[in-house]
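Down below is the structure, laid out as structure tokens.
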Amino acid sequence: MTLPTTGRRSIAIDIGGTFTDVVLSTPEAVYTEKTLTTHDDLLRGFFTGVESVLVKSGISAAELDGALVHATTVVTNALIERQGAKTAMIFTDGFRDILEIREEKRFDIYDVQIQYPRTLVGPEATYTVRERTLASGEIELAPDRAEVSALARRLTDEGIQSVGVCFLHSYRNPANEQAVATIMREIAPHMDVSVSSEVAPQIREYLRASTTAVNAYAISITKPYLGRLAARLIADGVPAKPSIMLSSGGVVSPDTAGRLPVRMLESGPAAGALGGAFVAQLLNEKELLAFDMGGTTAKVCLIQDGEPLVTNMFEVDRIYRMKEGSGLPVIVPCVDLIEIGAGGGSIAHVDQFGLLKVGPRSAGSMPGPACYGGGGIDATVTDAAAVLGLLDPGNFLGGEMKLDGAAAHAALARLGERLDLPPETVAKGVFDIVCESMAGAVRAHAAERGVDVRGVPMLASGGSGPVHACGVADLLNARKVIFPPLASVLSAFGSIITPVRFDVVRSGLARLDDMDWEAIDTMVRDMEHEGRDALSHAQIGEGDVRYLYSADVRYQGQHHELKVDLPGRPGLDTGAEMIRKMFEDEYRRRHTLIQGDVPVEVVSWRLAATGPTPSAAAFGKDVGTGMKHGRERPVHAWGRAGRRRWSREPTLDPPMRSPAPRSSRSARRPSSSRPAGPRGWRTAAASSPPETFEDAPCSTLSTSSCCGRAYGASSARRPRRCSAPPSARSCARRATSPMPCSIPRRG
347 MTLPTTGRRS IAIDIGGTFT DVVLSTPEAV YTEKTLTTHD DLLRGFFTGV
397 ESVLVKSGIS AAELDGALVH ATTVVTNALI ERQGAKTAMI FTDGFRDILE
447 IREEKRFDIY DVQIQYPRTL VGPEATYTVR ERTLASGEIE LAPDRAEVSA
497 LARRLTDEGI QSVGVCFLHS YRNPANEQAV ATIMREIAPH MDVSVSSEVA
547 PQIREYLRAS TTAVNAYAIS ITKPYLGRLA ARLIADGVPA KPSIMLSSGG
597 VVSPDTAGRL PVRMLESGPA AGALGGAFVA QLLNEKELLA FDMGGTTAKV
647 CLIQDGEPLV TNMFEVDRIY RMKEGSGLPV IVPCVDLIEI GAGGGSIAHV
697 DQFGLLKVGP RSAGSMPGPA CYGGGGIDAT VTDAAAVLGL LDPGNFLGGE
747 MKLDGAAAHA ALARLGERLD LPPETVAKGV FDIVCESMAG AVRAHAAERG
797 VDVRGVPMLA SGGSGPVHAC GVADLLNARK VIFPPLASVL SAFGSIITPV
847 RFDVVRSGLA RLDDMDWEAI DTMVRDMEHE GRDALSHAQI GEGDVRYLYS
897 ADVRYQGQHH ELKVDLPGRP GLDTGAEMIR KMFEDEYRRR HTLIQGDVPV
947 EVVSWRLAAT GPTPSAAAFG KDVGTGMKHG RERPVHAWGR AGRRRWSREP
997 TLDPPMRSPA PRSSRSARRP SSSRPAGPRG WRTAAASSPP ETFEDAPCST
1047 LSTSSCCGRA YGASSARRPR RCSAPPSARS CARRATSPMP CSIPRRG
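Going by this note's numbering, the sequence shown opens with residue 347, and the numbers climb by one from there.
The following block contains the structure:
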């Protein structure tokens, strides 16, 4: 299977909750490495992985002349573990309690013991300044220099390391915020200052304040981290300039990322979604479910027309992982993901009602699952897969890591004692619960976006993704599952093929039929200048910058808006009539009915400045042998026990087989590369566009599906189309070819 390279030696490093993934792409080959994440010092695992992959490739650090892209969990870890800087917030006088009041609504009206996430900045570190900007942008009261100077000295005396500034209506006119920031930097140059007009210049005070607080809290952690990274790269003689992956699906320079760390929160999952989008384009799949299951969580992203869906708001550090509103809201562009606390390291337990549950607690990389041999004793999803025979203990990570099958069996046995069940039955229960949890979350996520996922192909990636993909796909009625090369490190691979990108937003509420298009044109030019400036720090020339425009639009009187992608610059290329038509087309798709007599208004204008997409004109060599290793092992899954023969890579019939050169090396994904599936699934090599993956990059699995009369039958026995009478086909699904019904007819 042939992978694209950039024609230069590029490397990508993705730090996850359990593993740190490394992909090195050269003109000759693609090399990969997985190492356990070192949470005490993330950069230790970073450079361990880099050194290992360089040894495999036989090249030196000085030969890394292409891109060096990094996705990291450093910001997420700082928030979840509350290990950020000692932070203060400054608000307009009279609005000190914005973070505590939140949005004055309960995310669960029936929970009498409802809990909210702790604010990153408590009331004791919240201050105010006398100033006022009106909603029109007019400055009614400028801040007093003496008052701000005294506050800066007070914050210094209290040991504050970082401060966020969020004033009313600063999205319309940032002058007061900028004045306070200037004074703070003069009086306390050691202090990091984040202002909401730079971090999130959007309407809605609480959301803007929350985003600014997250940025201020993380900035004093992120800047030293990126500084140490740059210093080590220079010391090691690496000529490649580092780029940092953002949640929006682009990369920026370390300077820009260090100034806006809030945009790095979902950098790894975003890269995985882009890798999925890349495969979707190669296989001409208009819709795809990118399913990435790692060691800590599972993520799913909808890919439509070769692009991942993007959202402009998400939450971090949720009290209840699956409940919207229970986390800290952040209003920055992010690949639209659903995240479930069900990764390979998720811990299985028995709750107070005696029911088997899985997650959201994770064993992480240390001590890790019991089978890792790191001292873990809790039964995890990975342990269940090992007991079921879905993992090869002697070939984990391509043989570089051995699994302790006895420890996994003992962990499941201890859990089984509480349930009075044998370890294999408990392991199957863990497997089923994880698959059901993920399928349910995906259905809800897709339905909220007006998407029917029945029949949509699924792409499996991540260390645990291929093990569970068939089980999840069967529950979602997916017609096939795609297993790409480098499935376990697809996030790292995705970041290599990601262009430099920076998103800019401006809020300015106005009706479409009363829009000042000259003012809009001036504002958009300012946004383009900001985007060009950000890309210039990543050595992108002005002539190479491309702009993508969009708007947040709603009917007058509504509270939330829809994002509408625009074909050109607002005003010049896209006027009021076209924007209204595009909005109503999207509104009709989401909600069926439109309100033709209600005025339409724009809340915010958005711009994405992007650089050139890394070239995929050159091709790397094969990354796998394509040969069977010839071993067999017991399998206890899908309601039966037996033995199966496993291949390291799917066996491809000529002319799809592409033998690897001797120089090729690749760490295999932690699951088997030929994933096991329920009865009725078959393996087939996918054809691919000759200009991309030339020699069968993927294997796909097609599944038999359900006829309406077999409610009591397992999904593995349900055919795609049956000969039962129409009245019995209430949940029959689209089929690629007729199949006889295997369920006996009634009567």
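Backbone N, C-alpha and C define an ideal beta-carbon position, used for all residues, glycine too. Remember, predicted model here, so these are calculated numbers, not experimental data.
- Between the stretch 679-694 and the stretch 722-733 there are three or more C-beta pairs closer than 8 Å, enough to call the two in contact.
- Each of G811, E523, R518, N741 was checked against the Cα of D638, and the nearest Cα belongs to G811.
- With contacts defined by Cβ atoms closer than 8 Å, T558 and P607 do not form a contacting pair.
- Only residues of its own chain outside the window of five on either side were considered, and among them T956 have a CB closer than 6 Å to the CB of R892, listed in chain order.
- Less than 8 Å divides the Cβ of E551 from the Cβ of I444.
- Per the DSSP secondary-structure output, T657 pairs in a beta bridge with C680.
- Considered as a whole, the stretch 702-766 harbours 727-733, 751-765 as its complete alpha helix (DSSP H) runs of no fewer than 4 residues, in chain order.
- V539 carries a strand assignment under DSSP once its states are collapsed to helix, strand and coil.
- Assigned with DSSP and collapsed to three states, M861 falls in coil, not helix or strand.
- At least 8 Å separates the beta-carbon of L858 from that of A790.
- Taking P916 as reference, the option from C680, H906, D898, P715 with the minimal CA-CA separation is D898.
- Membership of R952 in the beta strand (DSSP E) is indicated by the continuous run 946-956.
- Counting along the chain, H937 sits inside the alpha helix (DSSP H) bounded by residues 922-937.
- In the three-state scheme derived from DSSP, where H, G and I count as helix and E and B as strand, E427 is classed as coil.
- Only residues of its own chain outside the window of five on either side were considered, and among them I665 have a CB closer than 7 Å to the CB of Q461, listed in chain order.
- DSSP places S599 in no alpha helix (DSSP H); its state is neither H nor E.
- A434 is the residue among L749, G621, V949, A434 whose C-alpha sits nearest the C-alpha of E470.
- Residue G483 holds the alpha-carbon nearest to the alpha-carbon of I549 among M537, G483, V560, E493.
- A straight line joining the alpha-carbon of V946 with that of E932 spans about 13 Å.
- By the Cβ neighbour-count rule, A865 is exposed, with fewer than 16 other Cβ atoms within 10 Å of its own.
- Between A954 and the set R935, R934, L881, F929, the nearest pair of CA atoms involves L881.
- When V910, A577, L611 are compared, the shortest CA-CA separation from F393 is found for A577.
- Counted as a single uninterrupted DSSP element, the beta strand (DSSP E) harbouring S807 occupies residues 804-807.
- Listed in chain order, the non-local C-beta contacts of P489 below 6 Å within the same chain comprise V475, E477, N522, A525, V526, local neighbours out to five positions each way being set aside.
- For G710, the CB contacts under 8 Å within the same chain, skipping 5 residues up- and downstream, are G363, T364, T383, H385, G641, T642, G691 in chain order.
- In the DSSP assignment, the residues bridged to L487 are R478.
- Check the Cα spacing between L734 and each of G889, L501, P769, G700: the tightest is with P769.
- With respect to V597, V846 sits close: the two C-beta atoms are nearer than 8 Å.
- Taking 8 Å as the cut-off, the beta carbon of H515 is found closer than this to the beta carbon of T479.
- The C-beta separation of A644 from M784 comes to about 5 Å, placing the pair in contact by the 8 Å criterion.
- Judged by pairs of C-beta atoms under 8 Å, the stretch 623-637 touches the stretch 786-802, as three or more such pairs exist.
- DSSP places D820 inside the alpha helix (DSSP H), whose first and last residues are 811-822.
- If you look at M639, you'll find it isn't in any alpha helix (DSSP H); it sits in the beta strand (DSSP E) that goes 633-639.
- Annotation for M610: no beta strand (DSSP E) segment contains it, and DSSP assigns it neither H nor E.
- In its chain, beyond the 5 residues on either side, L400, D582, G583, V584 have a beta carbon closer than 7 Å to the beta carbon of A407.
- The bridge partners DSSP lists for V415 are A358, S589.
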